[in-house]
Structures are given as C-alpha cells and as structure tokens.
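Chains as they are written, first to last, in the working numbering: chain R, 1 to 340; chain F, 341 to 618; chain E, 619 to 938.
Note that the Cβ used here is the ideal one computed from N, Cα and C, for glycine as well.
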Amino acid sequence: MEHLVEVQDLKKSFLTKGGIFGKSSDVKAVDGVDLYLNKGETLGVVGESGCGKTTLGRLVLRLIKPTSGKINFDEVDITNLSERKLLWLRKRTGMVFQDPSASLNPRMNIRSTLKRPLVVHGIKDKNTIQKRIIEMLEKVGLNEDQLERFPHQISGGQQQRVAIARAIMLNPDLVVLDEPTSSLDVSVQAQILNLLLKLQRDLNLTYLFITHDLVVERHVSDRIVVMYCGKILESADTDELLGNTMHPYTVSLFSSTPIPNPHLKSTNRFIVGGEPPSLIHPPRGCRFHPRCPYAEGKCKKVEPKLVEAAKDHFLACHKFEEIDLLTYVKRFWKLMERLN
Amino acid sequence: MKISNILRLMFGYRTSCIGALIILAVSSVAIAADVIAPKHYSDVDIVKKLQPPSWKCIFGTDHYGRDVFSRVVYGTRIALWVGLLVVLVEALVGVGLGLIAGYYGGGLDKVILAITDMTWALPPIVLALGVITLIGPGLTQVVAAIALVSWPPFTRVVRAKMVSLKEREFILAARSIGESSLNIIFRYLLPNIVPSIIVLMTLTLPSAILSTTALSFLGFGAQPPTPDWGAMLSEGAAQLIIAPWIATFPGIFIVITALGFNLLGDGLRDILDPKLKI
Amino acid sequence: MPLLDVKGLKTYFYTNRGVVKAVDGASFTVNENEIFCLVGETGCGKSVTALSIMRLIFPPGKILSGKALYKEEDLLKIPESEMQKIRGREISMVFQNPMNSLNPVFTIGYQISEAPTVHFNLSKKEAWKRTTDLIRDVKITDADTRAKCYPHVLSGGMRQRTMMAMMLSCNPNLLIADEPTTSLDVTIQAQILDLLIEIKKKRRMSVILITHNFGLVAEFGDRVAVMYCGKVVEIGDVTTIFRNPLHPYTRGLLRCLPIGYKRKSKLGFIPGTLPSPIDTPSGCSFHPRCEHSTKSCKLREPELVEYEKNHFVACHLYER
C-alpha cells in the first residue's frame, strides 16, 4: 500500500525558561518517532497528556518545525520547507482541534470562516464559493441559516461541525484530528464520530486520530500507536493490538480505561502506580521503567528499540517474551466485541 | 454582539449609563456651542469686568468682561477635540508597536518593550514639557507632545493580548488552512483586540484632556484668546480671591467630563472586555 | 432509611438573559454505605444539585423549593450556623479542579489540619499526627515531608489526593465528588478512584459521584440517577440501568457509546440538541427529541414512578 505520510526519527524539543534566574531547559515533546500513514486509513495515536501526541500531529502538518528527523508527504520531503513553500500542503491537509469554541475565530461568522480556505487558495469567484459552502454545509449537517451566526451563537456540536467543514473545504488527503470529541457530551460525540466516519468513506480521507480515549480509538482506527513520554511504545493493527497486547504500559492504559459495562466491574485490573515522568529529564533506559512492575536492571540502563514482535506488531520492551499480561486484557475486550 | 444587547447590558450597569449621559450632554454642548453660548468667546466688554454670577450671565465675567459661561461652552469643543485627537494618535502609535511586538516576538519585541517601559517610567507632564520646549508652544504642539509620551499603555495592552491570543487554537487553525501572517494579524488577531482598544481609549481620554489642560494652565498650550479650560483656569487663578467663579466653572467642567469618560470606560470594560486590567 | 433524601429540589438562576432552571424538581435518595452516581450531560444540573445540597448557592442563584433530608434533618431549612457544622464534618465535597480548591500560600499539611483543629479542638501535636495519618491514608508516600509542601509543587494526581485528605479530615458520612478525575489522565484516574473505593469501604461512608462518564458509573457505582434538563429521569441499580434502561433518554445515551459496535459502524444517536436551560420544553423536557413522544408528553410532565423494584423512571410510557 502507498504511504501518504512517512516520518523518520522525528524529534521536537521546546525551550522553557525556569523562573527568573533558572536555566532554560529542553522539553523533549517528541523524541525519536517513526511512523507511516497509508492512504485512506485511520491511524490512531493514543497516550496520556504530555506524551507528545499533539506535538506529533502538528509536526506532521508542519505547523511547527521539527528539531531533527524527516517528514515526507506524498513522497515530498517537507521537513524544512518554508511557510511559503508549504501552501500546497495546507491545501491537501486539514486539522480539527479538541475545543471547537477555541478553534474558531470568535469575531468571524460561519460564512467567512468557511470562505477563508477557498480565498486563501485562490478561489475568488463568488458563485463558486457560495456553491461550495452550501455543499459543504450539507455534508456536515448544518443549515444555511446558521451561516451568518458567530461561533458563540451555536452549540458545541455545531461548532465542531463548522471546524470539520473548514478542514475539508479543499478536499484534502489528510486530516489530523486532535481529540475531536473529547470536549463534547456523549450524545454529541456519537454524532460527530458518525460524521467523521461518513466523510472518510465519501471523500476517501486519511485520518490521524489523536485521543486519550481508547474506547473511541477502538471504534475509529485501523491501526493504533501508543505513545509515552515522546516515544512510541507499541503499534499494531487495532484488532491485533487489542487482542494481543504486549507492552505493560498499553495494558495498564487498557486496564485503567473505564468500560461502560457493569459486568466487568470485578475484573482484576492492572493499575500501575506513579505518574508520567518529566519531559525535561526523562528516565534513562526504558521511559516506563519507574512505573513498570516488571522492570529490572536492563530496563533501567538500555533503551529498548521498537522491534517487530509479531507480524506488523511493533514493540519497545525488553521483557515482552517473559511476561504475559493478556489475562488483564482479553476478557475485557472480548466482552466489548461480544456485543457485536 | 448586537447593539440592542450592548444597550441592555449598559442599562444593567448604572454607573456606565450615567457616564454615557454625561458624555452625551458634554458632546451636545460642544456641537451646539454657537446656539447655547449667549456671546462669542472673545467678545470683550471691559465695563462689565469681574461681575459675579447673576441671572444675566450665569457664570459671571472675567477681567476683560468676557462671559465665562460662553467661554466654558466653547471650551468644551476644544477639550473634546483635543482629547480625541490625542487618544487617536496615541492609539495609532501604541497599537502599531504592540501588534509588531506581539506577533513577531523575539529581539524586536524586546526592543519595543524597552522603549515602551522607558517612556512609561518618565513622568508624562515633564516629558511633554521637554517636547514642547523643542517644538514650541501651541495647541497642535501640545497634542503631539502628549501623544508622543502617553502611548505606552496601548502597546502594553495590545502586546499582552496578542501574546495570549497567538497561543489560541484558532490562530493555529488559520495557519493550517494557509493564511499569511498579514491576514492572521488583521483578520484574526486585531478584531479580537479592538474591544480592548476601545475601552482603553475611553479610559485614556480623561487623562488626555487633563494633560492638555495642565499644559495650557502652564501656558504652553492654547494661546489667548482661545477658550481653553486650562488657560481659563490659569487666568482665573490670579483672581481666585476676588473673583473665584472664573476658575471654578471651567474646573467643574473638567472634572465632570473626566468623570463621565471614566464611568463609561469602566462600564465598557465590564461589558466588552472583562479581563482587561490597566 | 436512606442517608440523604432529596425531594423536588428546585434551584434557579436569575440572570440578565432570563431564568435558568438549573435544577427543576430533582428527587433521589442516597443510601448508607453506597456509591451513588449522578450522571448527565453538560448543563443537566448535576453539579448545581450537589451545591444545593451543600447550600452553596449564591445570587443570582436561589434554592426555590424542595427538601434535602439528611438524617431526618432538612438541610435546606436549618440555620446557616447549623449548616456550617454539617459541612466538612458530615458532608464534604471534592471538586473537579483541585488547584482551584487549594490555597496556594499555605502548606498542604496546614490546609488538611485546619478543619479538624477547629472542629475537634486538637492540640498542635495531635493535629500534626492526624494530618500525617491522613496523608498516608490517601497513599502519598513520605507524609512528613509532603505535609510541608505547597500545592504548586505537587502533580495533578497528588493535588487530588490532598483534596481527598482534606475532605476526609473530619470523618464525613457523605462525600460528594464532582467530576473528581475529569482533569486527570486515565492511569491516574484509576489510582484515585481505587483509593476512593478503598477509603469508602474502610470508613463505611456514602459517596455521591457526579460524572458524565458512563464508564465510571459502570466501574464504580452502586446506584445511578440519570439527569436531563434539571430533572432526574431514571434511577436504579447500575446493573439494572445498563441491562434494562427504560427512559428513552437513558437508552439513547447508552446507544451513543462506541461499545458493542463493529469497528467503523454507525453509532446510535439522539436526534436534536440539548434545549436551552432558559427555555426548556413544556411537559416532558425530552419530548422534542424522543421517538415515542405523544400528545400527552407535550402537555403533562411525567412523574418519577417505581416501574419495578428499586427502578424508578419518569416517562409516560411506563405510567400505569
């Protein structure tokens, strides 16, 4: 299959100042990530806050400049292109953010918000613009009478629909969805997920779906990568990852996720202690070792590489051959699937 | 926000409503000065000099026999005009610098901030006096001098707003559709700062008026016989014991006008931009 | 005999734009030694319900009517001085954002010891011992040094633990937790909630868990009340509600969850949007979005009736 996006050893660090006299230090938000996206698929990125998943999304769209590494989009190296040379990429990509009220300009009505992408990319004819806007409104399920409204005059779900419409206005290939449903209520979340899935089918979109919610990720993604502290710990096809989870962190993530089914209440869960480490001084060796109950000497010294542990199932763990955590995962994902 | 909403909110804030009424009254006086004033401001009637307030001339007359009421009324025009002009120039300079500093950041930001802080640290009247000695006295010069020394609040507010707005996701969203820097500044950032600028303008207007009157009081501003409130105060000060009305009435008008703008500004701030702190 | 019995609670907010009927006749009971969940979407009034029980409603808000019987005493009627004794000692509350509830200029040890020192008249030494014990109880290691820390040096999870220690400091019988883990990551959320369960078992107290997350309800709740537009529309045991939801709204919500669907298949959804809290629909508030809506739904508000044992629902479909 053709790769739409290829990312190699991507790194991004931000400089922070430490107080008045403190030394400035590097926050390593993304620290050596390799991944690819196939055309037309949904790649899920799962992780907790501060794991670098949002930074990764922005890097792929080149909204920020990587510190090192390489990003290819449709076989063009976009790693170091200047903002002016990236205009074609902006046309072929779109982005949707977590908080729709923050991602829309509060002083711009819906019509202008939707018009801007067209104008920026050289479509000036009024009739064409009007036709395209109406067509797009229909696609995302909004009414024409909402065009003159401002973002604060419509509901959160409608705001997110506008944001989605803006992202796909120019028929892009890739849309990066950064927690698109996390700030929405359950009933609205379902509507937005349905919409995203429908648009993907109709327009053959490729999604990079970033979220911390595994239940949502399982529903939408073809493949999933699990990030922790700027690194990928595990990646595989969704079914493989859920059915054959190997990394202790992934297991703890699955196990901590509350599942809306009371029959699973008694399941013994694999809960790890501690909290994610600082990104300024990440732990030596495996980044998860301070929280991992199976960590031993080697984990503390040598950083595990991402290796293919099973077919198309990549893993960064020294101990995966010795430990078997499937008992914590199997039952509960089976129960999720059994309802099919 | 719809006009009707603003009106309704404004009536919710009683003090700002009083402020608006005061300004409305003062502005109408300024506009209709020719109708309201019984005499022209420079009409001299030496026979009737230093007359106390009476039914015929309610604010009395000065030592040239000019009608104080007429002079105060015409003075409204000058005060508002000068205040508005000063604030507009201030805003132009301050907002421009603030936009540049806030958007581009880095070294440019540091230089602009340093200049801003230095200007702000100096006492404005003293600085304005310095400028006046360089460019000479007169009303236009006073406007220039004051505007030149009191723009820093605008730069500060605009820069602070820019820095916080720049981090908002809608700016990133604008970049993700390929908007240029210029478009981001003028279509996305500036419209979100305008309310703060309007509020700041209303709040700086009184101090602009006070500064011009202060400079006129010191004799650097409007030259006689221009009915400037500050100049009238200074003329009246000489006769404060024998004819207190000459200085009192312009003084009252200065206070009322400044109060009106301050009340309105506070209310506007609550309505348009609750987070603005000056 | 329930520990807390809320009947017909009404709390309105009188804003410039109109009257917001935040809680509009909510009724439910909380039994001893149980975790009772209040679940609903944004603006359904679940937080305001909790604040009303604590009598922490300030103008423009007002508790209009209703009862909140706690140990046979109506919390909405007793004088404020009595209520102050109830708060903290009998009922305490944990909020979503612990940083807003902690005072940044005092050490956490001081903040934890403050309430019990006043309530129980403790000496400095006793108070310190009690404080470090509490810090150990909420599984913060190295209690003696941690007690001398200021809130800003702690992580989000630690702060929420500190909040819990504060809330537990006077041995309350009822703990109200308002979205206690919403701002936390899932692995930390699991730690905090496991801790909550453990403490609840040890101290035999009741917990009202306010959340929008059905996963938490299923995982931790004993009984659950579903709220919509300021009213409780369904109450029952957690297993019953998930197995046999009655109210069309509850059914719709459960169908919205991306669970038990084939990957990438269409999820169930509730048509329409939440009504504005100023202009709630007549009769049953859910009728404009309900597939079973009839004429009487528009006209008459359904009452909460016991459909089967311990399973209450407010819907005309089930009225007999």
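- Residues of chain E whose Cβ lies closer than 7 Å to the Cβ of R:Leu193 are, in chain order, Pro876, Leu885.
- If the five residues before and after F:Ile465 are omitted, its C-beta is found closer than 8 Å to the C-beta atoms of Ser551, Ala554, Leu555, all from its own chain and listed in chain order.
- Ranked by how close their Cα comes to the Cα of F:Ala485, the residues F:Gly442, F:Leu540, F:Phe560 have F:Phe560 in first place.
- Neighbours of F:Phe510 across chain R, judged by C-beta separation under 8 Å: Ala102, Ser103, Leu104, Asn105, Pro106.
- The C-beta separation of E:Phe738 from E:Ile853 comes to about 36 Å, leaving the pair out of contact by the 8 Å criterion.
- Between the alpha carbons of R:His289 and R:Gln130 lies a distance of about 56 Å.
- Against chain F, the CB of R:Lys124 has no partner CB under 8 Å away; the residue lies outside that interface.
- For R:Phe97 and R:Gln159, the gap between their C-alpha atoms comes out near 11 Å.
- Residues of the region 106-120 of chain R with a Cβ closer than 8 Å to any Cβ of chain F, in chain order: Pro106, Arg107, Met108, Arg116, Pro117, Val120.
- Contact fails between the region 911-923 of chain E and the region 236-254 of chain R, because fewer than three Cβ pairs, one in each stretch, are under 8 Å apart.
- For R:Met95, the chain F residues whose Cβ falls inside 8 Å of its Cβ are Leu512, Ala513, Ser516, in order along the chain.
- Chain order gives no chain R residues near F:Pro565, where near means a beta carbon separation below 9 Å; the closest approach is about 48 Å.
- Pairing E:Gly833 with R:Ile259, the inter-Cα distance amounts to about 4 Å.
- For R:Val27, the enclosing beta strand (DSSP E) has its first and last residue at 25-38.
- It is roughly 9 Å from the alpha-carbon of F:Val539 to the alpha-carbon of F:Gly607.
- Ranked by Cα distance from R:Cys229, the first of R:Lys11, R:Thr245, R:Glu321 is R:Lys11.
- With the rule of 3 Cβ pairs closer than 8 Å, the region 853-868 of chain E does not count as touching the region 808-824 of chain E.
- Rounded to whole angstroms, the gap between the alpha carbons of E:Gly901 and E:Glu937 is 14 Å.
- In the three-state scheme derived from DSSP, where H, G and I count as helix and E and B as strand, E:Ile696 is classed as coil.
- Not a single CB atom of chain F sits nearer than 8 Å to the CB of R:Asp173.
- In terms of CA proximity to R:Arg107, F:Phe510 leads the group F:Ile611, F:Pro477, F:Phe510.
- With respect to the 8 Å criterion, F:Phe593 and F:Val412 are classified as neighbours on the basis of their beta carbons.
- Put simply, of F:Leu580, F:Gln579, F:Ala587 the residue whose alpha carbon is nearest the alpha carbon of F:Trp569 is F:Ala587.
- Taking a contact to require three or more Cβ pairs closer than 8 Å, the region 483-497 of chain F and the region 511-529 of chain F do not qualify as touching.
- The residue among E:Asp623, E:Met672, E:Ser894, E:Val657 with its C-alpha nearest the C-alpha of E:Gly839 is E:Val657.
- By the C-beta criterion, the region 280-288 of chain R is judged not to be in contact with the region 207-216 of chain R, since fewer than 3 inter-stretch pairs fall below 8 Å.
- Any Cβ of chain R closer than 8 Å to the Cβ of F:Asn532 would place that residue at the interface, and such an atom is present.
- Listed along the chain, the chain E residues whose CB falls inside 8 Å of the CB of R:Asp185 are Glu659, Thr660, His830, Leu892.
- Proximity of chain F to R:Leu87 at the Cβ level (cut-off 7 Å) is accounted for by Gly518, in chain order.
- According to DSSP, R:Ala236 shares a beta bridge with R:Ile224.
- Taking C-beta separations shorter than 6 Å and ignoring five residues to either side along the sequence, the partners of F:Ala360 in its chain run Leu604, following chain order.
- The DSSP assignment places no complete alpha helix (DSSP H) segment of no fewer than 4 residues inside the region 383-433 of chain F.
- Residue burial is scored here from C-beta neighbours: R:Asn261 has at least 16 other C-beta atoms within 10 angstroms and is therefore classed as buried.
- By the Cβ neighbour-count rule, F:Trp585 is buried, with 16 or more other Cβ atoms within 10 Å of its own.
- Burial check for F:Asn532: the Cβ neighbour count within 10 Å reaches 16 or more, so the residue is buried.
- F:Val435 is positioned such that its CB atom lies closer than 8 Å to that of F:Ile537.
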